[in-house]
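Trainee:
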Amino acid sequence: MAYHTVADDKLQLYLAHRPALVDYAAPIVGCRARAEDVVQEAWLRFSGQALEADIRHPASYLYRIVRNLALDHTRRTATEKTQPGSEEILAELPASTASPEHTVSQQNELSAISRALEELPLRTRTAFEMHRLGGYTLQHVATHLDISVSLVHQLVRDALRHCMERLEDDL
Numbered sequence: 001m002a003y004h005t006v007a008d009d010k011l012q013l014y015l016a017h018r019p020a021l022v023d024y025a026a027p028i029v030g031c032r033a034r035a036e037d038v039v040q041e042a043w044l045r046f047s048g049q050a051l052e053a054d055i056r057h058p059a060s061y062l063y064r065i066v067r068n069l070a071l072d073h074t075r076r077t078a079t080e081k082t083q084p085g086s087e088e089i090l091a092e093l094p095a096s097t098a099s100p101e102h103t104v105s106q107q108n109e110l111s112a113i114s115r116a117l118e119e120l121p122l123r124t125r126t127a128f129e130m131h132r133l134g135g136y137t138l139q140h141v142a143t144h145l146d147i148s149v150s151l152v153h154q155l156v157r158d159a160l161r162h163c164m165e166r167l168e169d170d171l
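Spelled out as structure tokens, the structure:
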């Protein structure tokens, strides 16, 4: 005596509708071979459903899986076509991390700027740090230091010039 299971019902349903499912997916994905792949993936998803899952219309459910997978495939293909050769482009992009040489160079520049800032008078250094590093407006710095905006501008310019000279000397 052979036992009849829900899994057998699913398989029979799939086999009965398979050609129609391929015909249904082919116009969406644009190729019968890709449609075959979509239908195969749909079967894997459909057969993987829990046996106790209450699917009232299994054939409709299977068609819905095929449709969704076909549309996903079409979207994925369209995205790949918008960037032809994207694999090659990505391979040619520079690394997002700096090379060891570049890192050392940047550290040397920062050290030179730090030493140059230490050589400045306190008011000049404060004006420069507030404006260029702190993002404060010239007006805000002038108010904080109780000096004119034009003097703040001159102090910042002097500090910047001093730092540039030190960078050129050190490098």
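Numbering (the UniProt record's numbering), first residue to last: 1 to 171. Virtual Cβ for every residue (Gly too), placed ideally from N, Cα, C.
1) How long is the line joining the alpha carbons of Glu109 and His140, rounded to whole angstroms?
2) What does the alpha-carbon distance come out to for the pair Arg76 and Ala26?
3) When the Cα atoms are used, what is the spatial distance from His73 to Arg45?
4) Which term fits Met130, buried or exposed, when burial requires 16 or more other beta carbons within 10 angstroms of its beta carbon?
5) Look at the alpha carbon of Ala35 and the alpha carbon of Ala7, and state the distance between them as a whole number of angstroms.
6) Enumerate in chain order the residues of its own chain whose CB-to-CB distance from Val66 is below 8 Å, with the five nearest sequence positions on each side excluded.
7) Just reading off the alpha helix (DSSP H) that Glu101 is part of, what are its end residues?
8) At 4 residues or longer, what runs of the alpha helix (DSSP H) sit wholly inside the UniProt domain "RNA polymerase sigma-70 region 2" (13-78)?
9) Report the residue from Arg161, His162, Cys163, Leu122 whose alpha carbon sits nearest the alpha carbon of Leu145.
10) Would you tell me roughly how many angstroms separate the C-alpha atoms of Val29 and Asn68, rounded to the nearest one?
11) Using only the alpha-carbon positions, how far apart do His17 and Ser60 sit?
Mentor: On the basis of the coordinates in this document:
1) 28 Å
2) 16 Å
3) 15 Å
4) buried
5) 24 Å
6) Leu21, Tyr24, Ala25, Val38, Val39, Ala42
7) 100-119
8) 32-47
9) Leu122
10) 11 Å
11) 11 Å
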